[in-house]
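J.: One structure follows; several queries about it will come next.
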Amino acid sequence: MNKGKITQVIGPVVSVEFEDLLPSILDSLEVELDGKKIVLEVQQHLGGNEVKAVAMDSTDGLMRGMEVVATGQPISVPVGDITLGRMFNVTGQPIDGGEQVAGETLPIHRDAPEFDNLSTKSEVFETGIKVIDLIAPFVKGGKVGLFGGAGVGKTVIIQELIRNIAAEHGGYSVFAGVGERTREG
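Position 108 of the sequence shown, counting from 1, maps to 108 under our numbering, and the rest follow consecutively.
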């Protein structure tokens with residue numbers, strides 16, 4: 001296993017120096033801290049056998065000189081029917097109090113599908129919320145960003161969309177809490 005040492009910690013950004021081969025960009029690194037593994041992801045190669053990595057958890061307690069292990073592979077998360085109804089953090093660890101999920105995993109970074117495999121037709125996705133369907137309809141299979149000030153009802157709209165998708169379409173909703181909304185995931 002390729003091992004290195006932490007040279008600097010600034011917020012979530014951790015610099016690690018390796019004696020041997022540098023890990024590839026997007027590879028995961030692990031640091032042992034009080035019996036818990038902190039996962040880092042390599043983002044940049046610097047000169048002098050050093051990499052910059054971003055921590056996927058709090059860096060409180062990390063300090064210079066701590067040993068880092070390069071896993072030689074990217075962060076992977078569980079996939080498939082076994083994950084339905086579960087909540088996971090970015091490293092694939094359950095955060096809903098349930099058991100660890102065993103089975104197929106895929107890396108969190110993947111190449112986009114080939115253009116030949118993409119559908120070119122646009123179809124409106126009926127949300128069941130009349131104002132959205134009329135003024136700002138969603139494209140079926142697309143992604144939607146919801147922006148707004150404090151207290152304007154973003155969370156209420158998300159909850160209503162999730163309910164409508166389950167009740168009217170019999171489908172699945174994937175909610176990704178990004179930024180401040182992570183507390184509502």
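Ideal Cβ placement from N, Cα and C applies to all residues, glycine included.
Would V124 be called buried (16 or more neighbouring beta carbons within 10 Å of its own) or exposed?
T.: With fewer than 16 Cβ atoms within 10 Å of its Cβ, V124 is classed as exposed.
J.: Once DSSP output is grouped into helix, strand and coil, what is the label at N2?
T.: Of the three classes helix, strand and coil, the one that applies to N2 here is strand, per DSSP.
J.: Please go through the same chain and pick out, in chain order, the residues whose beta-carbon is closer than 6 Å to the beta-carbon of G128, but skip the five residues on each side of it.
T.: Counting only Cβ-Cβ distances below 6 Å, and skipping sequence neighbours, we find N164, E168.
J.: The beta strand (DSSP E) that contains K187, what's its start and end?
T.: Residue 187 lies beyond the residue range present for the chain, which begins at 1 and ends at 185; the question has no answer from this structure.
J.: Tell me, to the nearest whole angstrom, how far the beta carbon of V54 is from that of P12; I am working on the premise that it is less than 8 Å.
T.: At roughly 5 Å, the Cβ-Cβ gap stays under 8 Å, so V54 and P12 are in contact.
J.: Could you check the C-alpha separation between E104 and D81 for me, to the nearest Å?
T.: When rounded, the distance between both Cα atoms is 10 Å.
J.: Of all the alpha helix (DSSP H) runs that stay within the bounds of the region 86-170, which reach a length of 4 or more residues?
T.: With a minimum length of 4 residues, the continuous alpha helix (DSSP H) runs that stay inside the region 86-170 are 130-135, 154-164.
J.: For D27, name the three-state secondary structure that DSSP assigns.
T.: Looking at D27 - three-state DSSP - the assignment turns out to be strand.
J.: If you reduce the DSSP assignment to three classes, tell me which class G185 lands in.
T.: Caution applies to G185, whose pLDDT of 47 falls short of 50 and renders its modelled position unreliable; the value that the coordinates give is listed next. DSSP places G185 in coil when its eight states are reduced to three.
J.: On a Cα-Cα basis, can you pick out the residue from D96, V152, H109 that is closest to A26?
T.: Strictly speaking, residue 26 in this sequence is Leu, with Ala absent from that position. The shortest C-alpha separation from L26 is found at H109.
J.: Do K154 and G148 come within 8 Å of each other at the CB atom, strictly closer than that value?
T.: Result yes, Cβ atoms of G148 and K154 sit closer than 8 Å.
J.: When the distance is taken between beta carbons, is S76 closer than 8 Å to P107?
T.: In this structure, S76 lies closer than 8 Å to P107 by Cβ.
J.: Excluding sequence positions up to five away, which residues of its chain have a Cβ less than 6 Å from the Cβ of V69?
T.: Around V69: M1, K3, E30.
J.: With a threshold of 7 Å on Cβ separation, who are the neighbours of K52 within its own chain once the five nearest residues in sequence on each side are excluded?
T.: For K52, where only same-chain residues beyond five positions count, the Cβ hits under 7 Å are V13, S15, Q43, Q44, L46.
J.: Starting from the Cα of V9, find the closest Cα among E19, L33, K36, G61 and give me that residue.
T.: The shortest C-alpha separation from V9 is found at G61.
J.: Taking the C-alpha atoms as reference points, what is the distance between I135 and D111?
T.: Approximately 33 Å, taken between the alpha carbons.
J.: Per DSSP, F175 forms a beta bridge with which residues?
T.: In the DSSP output, where bridge partners are listed per residue, F175 has none listed.
J.: Buried or exposed for V139, going by 16 or more other Cβ atoms inside 10 Å?
T.: It is exposed - the Cβ of V139 has fewer than 16 other Cβ atoms within 10 Å.
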